[in-house]
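Please read the structure below before turning to the comments.
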Amino acid sequence: MKNSNNDVDLVSTTVLDEGIETEGTWIHTAKSNVFLTLYISKRFSENDDSFSPDNGALFIIINTGYRKHPLRVDVTDFSKPVLRNYPVYKGEETWMSSTAPDKHIVYGFSTTSPFTI
Numbered sequence: 017m018k019n020s021n022n023d024v025d026l027v028s029t030t031v032l033d034e035g036i037e038t039e040g041t042w043i044h045t046a047k048s049n050v051f052l053t054l055y056i057s058k059r060f061s062e063n064d065d066s067f068s069p070d071n072g073a074l075f076i077i078i079n080t081g082y083r084k085h086p087l088r089v090d091v092t093d094f095s096k097p098v099l100r101n102y103p104v105y106k107g108e109e110t111w112m113s114s115t116a117p118d119k120h121i122v123y124g125f126s127t128t129s130p131f132t133i
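For the sequence shown, our numbering begins at 17 and goes up steadily by one.
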């Protein structure tokens, strides 16, 4: 990661334990204006390869701060971030829900300026 004069704050690993019909699971609260990057992964204890019982597609809903509309993100590649350099303002919370509750974890970091790899 290349960041000069950039503060990095880690986002603790959190189980996505809430379904999409809920407000979601709390992920992060910004301590200052930041750029948020999040990854999603299968839980290590998960042996089932299916993502959701209905159509096999995994998607997550991301609610941040006072935004009118949540983000819907289709997850197809666990090696890439589901959010990258997403602006979040001081005090805003980020919440996530999943079509497959309890089967995935989210983790990441926030930075005070955009980063490049």
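Where a beta carbon is used, it is the ideal one built from N, C-alpha and C, also for glycine.
All figures in this text were calculated on a predicted structure; none of them were measured in a lab.
**Request:** Measure from the alpha carbon of Lys96 to the alpha carbon of each residue in Thr53, Thr41, Leu26, then state which is nearest.
**Result:** For the purposes of this step, residue 96 is taken as residue 80 along the sequence shown, with counting starting at 1. Across the set Thr53, Thr41, Leu26, the C-alpha of Thr53 shows the shortest separation from the C-alpha of Lys96.
**Request:** Report the residue ranges of all beta strand (DSSP E) runs contained in full by the segment 25 to 65; include only those spanning at least 3 residues, in chain order.
**Result:** For the segment 25 to 65, whole beta strand (DSSP E) runs of length 3 or above, ordered along the chain, are 41 to 45, 50 to 58.
**Prompt:** Could you check where the beta strand (DSSP E) with Ser114 kicks off and where it finishes?
**Reply:** The residue given as residue 114 occupies position 98 in the sequence shown. First-last of the beta strand (DSSP E) with Ser114: 109 to 114.
**Message:** Applying the 10 Å Cβ sphere with the 16-neighbour rule, what's the burial state of Ala73?
**Reply:** Within the sequence shown, residue 73 is the residue found at index 57, counting from 1. With fewer than 16 Cβ atoms within 10 Å of its Cβ, Ala73 is classed as exposed.
**Prompt:** Run through DSSP, which three-state label would Asp90 get?
**Reply:** Along the sequence shown, one-based indexing puts residue 90 at 74. Reduced to three states, the DSSP call for Asp90 is strand.
**Message:** Beta-carbon within less than 6 Å of Ile56's beta-carbon, same chain only, minus the 5 sequence neighbours each way: which residues are those?
**Reply:** In the sequence shown, counting from the first residue as 1, residue 56 sits at position 40. If we look at Ile56 and ignore the five residues flanking it on each side, its Cβ neighbours are Val91, Val98, His120, Val122.
**Request:** Could you name the residues of the same chain whose beta carbon sits closer than 6 Å to that of Asn101, not counting the 5 residues immediately before and after it, in chain order?
**Result:** As a working note, residue 101 is residue 85 in the sequence shown. Closer than 6 Å at Cβ, skipping near neighbours: Phe51, Pro130.
**Asked** Looking at Ser126 and Gly35, is the spacing between their C-beta atoms short of 8 Å?
**Response** Locating residue 35 in the sequence shown gives position 19, counting from the first residue. Locating residue 126 in the sequence shown gives position 110, counting from the first residue. Taking 8 Å as the Cβ cut-off, Gly35 and Ser126 do not qualify as a contacting pair.
**Message:** Counting C-beta neighbours from all protein chains within 10 Å, is the total for Leu26 16 or more, i.e. buried, or is it exposed?
**Reply:** For the purposes of this step, residue 26 is taken as the residue at position 10 of the sequence shown. The residue in question, Leu26, is exposed, as its Cβ has fewer than 16 Cβ neighbours within 10 Å.
**Message:** With a threshold of 8 Å between beta-carbons, can Ser113 be considered close to chain D, or not?
**Reply:** Annotation note: the requested chain D is absent from the structure, which comprises a single protein chain.
**Asked** Considering Thr132, what are the terminal residues of the beta strand (DSSP E) in which it resides?
**Response** Counting from one through the sequence shown, the residue named residue 132 turns up at place 116. That residue, Thr132, is in no beta strand (DSSP E); it is neither H nor E in DSSP.
**Message:** If I measure Cβ to Cβ from Ser48 and keep anything under 7 Å in the same chain, skipping five residues before and after, which residues do I get?
**Reply:** What you label residue 48 is simply residue 32 of the sequence shown in a count that begins at 1. Counting only Cβ-Cβ distances below 7 Å, and skipping sequence neighbours, we find Lys106, Thr128.
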